[in-house]
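Structure first, then comments.
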Amino acid sequence: MAQKKSRGKRSAVERSIEFADEINSFYGQIIKEFGGCSFLVYCSDKVERRCILRGKLQKKVWMGINDIVYVVKKEDNDRQGFIELKYTQDEIKVLKEHKLLKAFEEEESKQQFDVQFEE
1 MAQKKSRGKR SAVERSIEFA DEINSFYGQI IKEFGGCSFL VYCSDKVERR
51 CILRGKLQKK VWMGINDIVY VVKKEDNDRQ GFIELKYTQD EIKVLKEHKL
101 LKAFEEEESK QQFDVQFEE
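See the structure below:
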């Protein structure tokens, strides 16, 4: 009989945090999912880019809406880019402590108070 594999959390391997240089790489938040590992990402320079998930990550990392990712823009097109990695919750806390995710916090506060009621 085949043995059952234990399905717990993976060992917490700490990796070094990739910081964006704000020239060719940015922090991004996934807004919309398209098919074929393609996403619409709102970047920290307040530009929406259509980004493709890097091939190495396609079957290893699952992306969803509102995930914080590291985006590298294409050299020939400013409105497109590649998703290089997805930040974990611990890494997001560190980025917020360094105040590097201000653009996303401003957008969240705008969305909270932008409620309209019908009478």
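The sequence shown lines up with residues 1 to 119 when you count with UniProt numbering.
Even glycine gets a Cβ: it sits at the ideal position worked out from N, Cα and C.
Keep in mind it's a predicted model, so treat the numbers as computed, not measured.
{"Query": "Going straight from the alpha carbon of Leu-46 to that of Lys-5, what length do you get?", "Result": "Before going further, note that residue 46 is Lys rather than Leu in the sequence given. Taking the straight line from one Cα to the other gives about 44 Å."}
{"Query": "Please determine if the segment 86-99 and the segment 32-45 are in contact, where contact requires at least 3 C-beta pairs separated by less than 8 Å.", "Result": "no"}
{"Query": "Suppose you measure from the CA of Gln-80 to the CA of Ala-20; what does that come to, to the nearest Å?", "Result": "16 Å"}
{"Query": "When DSSP builds the beta bridges, which residues end up paired with Ser-25?", "Result": "Val-72"}
{"Query": "If you count every other CB in all the chains shown that lies within 10 Å of the CB of Arg-15, and 16 or more means buried, which is it?", "Result": "exposed"}
{"Query": "Looking at the strands, I want to know which residues DSSP matches up with Glu-36.", "Result": "Checking the displayed sequence, the identity of residue 36 turns out to be Gly instead of Glu. Answer is none; Gly-36 lacks a bridge partner."}
{"Query": "Does the Cβ of Gln-29 have 16 or more other Cβ atoms within 10 Å, making it buried, or fewer, making it exposed?", "Result": "buried"}
{"Query": "For a quick check, are the C-beta atoms of Tyr-70 and Ser-38 less than 9 Å apart?", "Result": "no"}
{"Query": "Output yes or no for whether 9 Å exceeds the beta carbon distance between Leu-100 and Ile-83.", "Result": "no"}
{"Query": "With 16 other CB atoms within 10 Å as the buried threshold, where does residue 124 fall?", "Result": "Residue numbering for the chain in the displayed model covers 1 to 119; residue 124 lies beyond these limits and cannot be assessed."}
{"Query": "My output table needs one value for Gln-89: the three-state DSSP class, helix, strand or coil.", "Result": "helix"}
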